[in-house]
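Working notes, beginning with the structure itself.
2 protein chains.
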Amino acid sequence: MSDAFAIDRLRFVTSNQHKFMEIKEVFRREGIAIEWIKKKYEEIQADNTEYISLDSARKLSSEIKGRFFLEDTGLYIDSLKGFPGPYSSYVAGTIGNEGILRLIEGLDRSCHFLTVITYFDGGSYLQFSGILKGHISIEIRGNGGFGYDPVFIPEGHKLTLAEMDIGMKSSISHRSIATQKFISHLRAGR
Amino acid sequence: MSDAFAIDRLRFVTSNQHKFMEIKEVFRREGIAIEWIKKKYEEIQADNTEYISLDSARKLSSEIKGRFFLEDTGLYIDSLKGFPGPYSSYVAGTIGNEGILRLIEGLDRSCHFLTVITYFDGGSYLQFSGILKGHISIEIRGNGGFGYDPVFIPEGHKLTLAEMDIGMKSSISHRSIATQKFISHLRAGR
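So the sequence lines, in the order shown, correspond to chains B and R. Anchor point for the first sequence: position 98 equals 100 in my numbering, and the numbering is continuous, going up by one each time. Anchor point for the second sequence: position 34 equals 36 in my numbering, and the numbering is continuous, going up by one each time.
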């Protein structure tokens, strides 16, 4: 089954090695290999992740030949009006998890991760999303994962995402959910 | 002197009425009238305000005929690695000034405002910048201005920008400094 995929390999455009490793793992379990195009690309400022991702894919389609996909993920904290949302990467690199803990003190800690995958199949654009609900932890915990993983506790769990190994994170994560939908689409279309 | 300007009026593209009022006031003092193109436009995500502004101006030049200018302003807090910087508008609309006060607690409060004006003269792009140094106040104070004005105390002052009237703010502000440079350029080029 995986041979057909191998002929025209799927390429994932990202500058983030963590994202590549996590998504590669989900594909690997399904017997599908993906290639990494390590590349930073421009994104527009917008409140809507689907829109940002689609815009990026359209721009990339003029320079990348053939099919490819990309991925955008944001953390949305309810009591902070969705902050940091589409700017999660910038915020992680400035105020970081310590800043998130300061902001959330005394407020409701509910939040969710949203991943949007945009796939360009050579002709059209398709999007697949995954949501993981949870809450912000009281303190920074764990060394796994990246970004907000050390302060995010998924619903029904006690560990932060950074305290889980990659296999466990992959079985529940927003990124994994979006990737599974994507894989189902690929299988259905063959 | 102002007649020459009146023939081909300068147009300022912004969706923000406060920005228009402040910049109009600086021009008015110089006897120059400007027009408001009330419009929201797309911006890319980048750490560099000059780059974001130039990119926006290039895109707008295909839909706006003749000369125009636009303005980007960010608040840069030293101890937060420049946060909120280019995403000042988004951050103001989510965690707001209350969030800034939480983040800065116990840290060094030094910061600055940076305004970048990008002017398209019909053929080329020119940029003018203005910086105002200051520090974050202990509490939110004042009803004037907008955005971060109620938590920003300019160097050498005791009032926040929001406690000053528009005339006083205009005499010292980052936005005003950039606009004055712009006006000097316009005068020199005639």
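Even for Gly, the Cβ is constructed at its ideal location relative to N, Cα and C.
**Request:** Could you please give me the residues that DSSP links to Arg13/R through a beta bridge?
**Result:** Residue 13/R sits at position 11 when you count from the first residue of the second sequence. Beta-bridge pairing links Arg13/R to Glu37/R.
**Asked** Nearest chain B C-beta to Gln47/R closer than 8 angstroms, yes or no?
**Response** By 1-based counting over the second sequence, the position of residue 47/R is 45. At least one chain B Cβ lies under 8 angstroms of Gln47/R.
**Asked** Listing by chain order, which chain R residues have their CB less than 9 angstroms from the CB of Glu44/B?
**Response** The count along the first sequence starts at 1 and reaches residue 44/B at position 42. Within 9 angstroms Cβ-Cβ: Ile46, Gln47, Ala48 and Asp57.
**Prompt:** With C-beta atoms as the reference, is Val28/R less than 8 angstroms away from Phe70/R?
**Reply:** Position 26 of the second sequence holds residue 28/R. Position 68 of the second sequence holds residue 70/R. Not closer than 8 angstroms, so no.
**Request:** Count the other C-beta atoms from every protein chain shown that fall within 10 angstroms of the C-beta of Lys21/B, then say buried if there are 16 or more, exposed otherwise.
**Result:** As a first step, residue 21/B is located in the first sequence; it is residue number 19 there, counting from the start. Answer is buried; the Cβ neighbour count reaches 16.
**Prompt:** Is there contact between the region 76–89 of chain B and the region 179–188 of chain B, where contact requires at least three CB pairs shorter than 8 angstroms?
**Reply:** No, the region 76–89 of chain B does not touch the region 179–188 of chain B.
**Message:** Measuring CB atoms only, is the region 133–146 of chain B touching the region 94–113 of chain B, in the sense that at least three cross pairs come out at less than 8 angstroms?
**Reply:** Segment contact: the region 133–146 of chain B against the region 94–113 of chain B, three or more CB-CB distances shorter than 8 angstroms; contact assigned.
**Asked** Between Ile133/B, Gly87/B and Tyr43/B, which lies nearest to Lys61/B when the distance is taken from Cα to Cα?
**Response** As a first step, residue 61/B must be located in the first sequence, where it is residue number 59. Out of Ile133/B, Gly87/B and Tyr43/B, Tyr43/B has the C-alpha closest to the C-alpha of Lys61/B.
**Item:** Within chain B, the residues that Lys83/R reaches when beta carbons sit closer than 9 angstroms
**Value:** For the purposes of this step, residue 83/R is taken as the residue at position 81 of the second sequence. Neighbours of Lys83/R on chain B, chain order: Gly95, Thr96, Ile97 and Gly98.
**Request:** Take Lys67/B as the anchor and find which of Ala180/B, Phe122/B and Asp167/B has the nearest alpha-carbon.
**Result:** Along the first sequence, read from residue 1 onward, the residue named residue 67/B stands at position 65. Ranked by Cα distance from Lys67/B, the first of Ala180/B, Phe122/B and Asp167/B is Phe122/B.
**Message:** Within 8 angstroms of any Cβ in chain B, is that where the Cβ of Arg104/R sits?
**Reply:** To locate residue 104/R, count along the second sequence from 1; it is residue 102. At a cut-off of 8 angstroms between beta carbons, Arg104/R contacts chain B.
**Item:** Where Ala35/R falls, given that 16 or more other Cβ within 10 Å makes a residue buried
**Value:** Position 33 of the second sequence, counted from the first residue, corresponds to residue 35/R. Of the other Cβ atoms in all chains shown, fewer than 16 fall within 10 Å of the Cβ of Ala35/R; this residue is therefore exposed.
**Item:** Leu72/R - partner residues in DSSP beta bridges
**Value:** Here residue 72/R corresponds to residue number 70 of the second sequence, with the count starting at 1. According to DSSP, Leu72/R bridges with Thr120/R.
**Prompt:** Count the other CB atoms within 10 Å of the CB of Met166/R; is the residue buried (16 or more) or exposed (fewer)?
**Reply:** Counting from 1 along the second sequence, the entry for residue 166/R is found at position 164. By the neighbour-count criterion, in which a residue is buried when 16 or more other Cβ atoms sit within 10 angstroms of its Cβ, Met166/R is buried.
**Item:** Where Glu45/B falls: helix, strand or coil (DSSP)
**Value:** What you label residue 45/B is simply residue 43 of the first sequence in a count that begins at 1. In the structure shown, Glu45/B adopts extended strand secondary structure according to DSSP, grouped into three states.
**Request:** Measure from the C-beta of Phe7/B to each C-beta in chain R and report whether the shortest distance is under 8 angstroms.
**Result:** Here the question's residue 7/B lines up with position 5 in the first sequence. Because Phe7/B sits at a pLDDT of 46, beneath the cut-off of 50, its placement in the model cannot be relied upon, and the point is left open.
**Asked** In chain order, what residues of the same chain lie with their CB nearer than 7 angstroms to the CB of Ile9/R, ignoring the 5 residues before and after it?
**Response** As a position in the second sequence, residue 9/R is number 7, starting the count at 1. Note that Ile9/R has pLDDT 47, beneath the 50 cutoff, so the model's placement of it is unreliable and no number is given.
**Request:** For Tyr89/R, return the contacting residues in chain B, with the cut-off set at a CB-CB distance below 7 angstroms.
**Result:** Counting from one through the second sequence, the residue named residue 89/R turns up at place 87. Residues of chain B passing the Cβ test: Tyr89 and Tyr92.
**CA-to-CA distance, Gly33/R to Arg189/R, given in whole angstroms** = Here residue 189/R is taken as the residue at index 187 of the second sequence, counted from 1. Here residue 33/R is taken as the residue at index 31 of the second sequence, counted from 1. Distance between the alpha carbons of Arg189/R and Gly33/R: 12 angstroms.
**Within-8 angstroms CB hit, Gly101/R to chain B** = In the second sequence, the residue the question calls residue 101/R occupies position 99. Closer than 8 angstroms to some Cβ of chain B, the Cβ of Gly101/R qualifies, so yes.
**Of the listed residues Gly124/B, Phe85/B and Gly147/B, nearest to Arg11/B (C-alpha basis)** = Residue 11/B sits at position 9 when you count from the first residue of the first sequence. If we check each option's Cα against that of Arg11/B, Gly124/B comes out closest.
**Request:** Determine the burial state of Gly132/R: buried for a count of at least 16 other Cβ atoms within 10 Å of its Cβ, exposed for fewer.
**Result:** Residue numbering aside, residue 132/R sits at position 130 when the second sequence is read from its first letter. Around the beta-carbon of Gly132/R, 16 or more other beta-carbon atoms lie within 10 Å, marking it buried.
**Item:** Residues bridged to Tyr78/R (per DSSP)
**Value:** Residue mapping note: residue 78/R aligns to position 76 of the second sequence, counting from 1. Tyr78/R pairs with Pro86/R and His114/R.
**Prompt:** Under the rule that 16 or more other beta-carbon atoms within 10 Å means buried, what is Lys171/B, buried or exposed?
**Reply:** Residue mapping note: residue 171/B aligns to position 169 of the first sequence, counting from 1. Around the Cβ of Lys171/B, a 10 Å sphere holds 16 or more other Cβ atoms; the residue is buried.
**Leu82/R versus Asp49/B - alpha carbon distance** = As a position in the second sequence, residue 82/R is number 80, starting the count at 1. As a position in the first sequence, residue 49/B is number 47, starting the count at 1. When rounded, the distance between both Cα atoms is 23 angstroms.
**Request:** Please classify Phe154/R: does DSSP put it in a helix, a strand, or coil?
**Result:** Taking the second sequence and counting its residues from 1, the one referred to as residue 154/R is at position 152. Strand.
**Asked** Looking only at its own chain, which residues have a Cβ that is under 6 angstroms from the Cβ of Ile39/R, when we skip the five neighbours before and after it?
**Response** Here residue 39/R refers to the residue found at position 37 of the second sequence. Hits under 6 angstroms: Arg13 and Val15.
**Request:** Provide the residue span of the beta strand (DSSP E) that contains Ser131/R, from first to last.
**Result:** For the purposes of this step, residue 131/R is taken as residue 129 along the second sequence, with counting starting at 1. According to the DSSP assignment, Ser131/R belongs to the beta strand (DSSP E) that extends over Tyr127 to Ile138.
**Message:** With a threshold of 7 angstroms on Cβ separation, who are the neighbours of Ser17/B within its own chain once the five nearest residues in sequence on each side are excluded?
**Reply:** Locating residue 17/B in the first sequence gives position 15, counting from the first residue. Excluding residues within five positions, the ones whose Cβ falls inside 7 angstroms are Lys40, Lys41 and Lys42.
**Asked** Smallest Cα separation from Gly149/R: which of Phe130/R, Ile179/R, Lys160/R and Asn99/R?
**Response** The sequence position of residue 149/R within the second sequence is 147, counting from 1. Here the closest residue by C-alpha is Asn99/R.
**Message:** Quick check on the DSSP output: the alpha helix (DSSP H) that includes Thr181/R runs from which residue to which?
**Reply:** Here residue 181/R is taken as the residue at index 179 of the second sequence, counted from 1. For Thr181/R, the enclosing alpha helix (DSSP H) has its first and last residue at His176 to Ala190.
**Asked** Going by alpha carbons, who is nearest to Tyr92/B out of Ser175/B, Glu45/B, Gly147/B and Arg104/B?
**Response** Within the first sequence, the letter at position 90 stands for residue 92/B. Residue Glu45/B holds the alpha-carbon nearest to the alpha-carbon of Tyr92/B among Ser175/B, Glu45/B, Gly147/B and Arg104/B.
**Asked** Going straight from the alpha carbon of Arg104/R to that of Leu109/B, what length do you get?
**Response** Working through the second sequence from its first residue, we reach residue 104/R at position 102. Working through the first sequence from its first residue, we reach residue 109/B at position 107. Linking Arg104/R to Leu109/B through their CA atoms gives a straight-line distance of about 12 angstroms.
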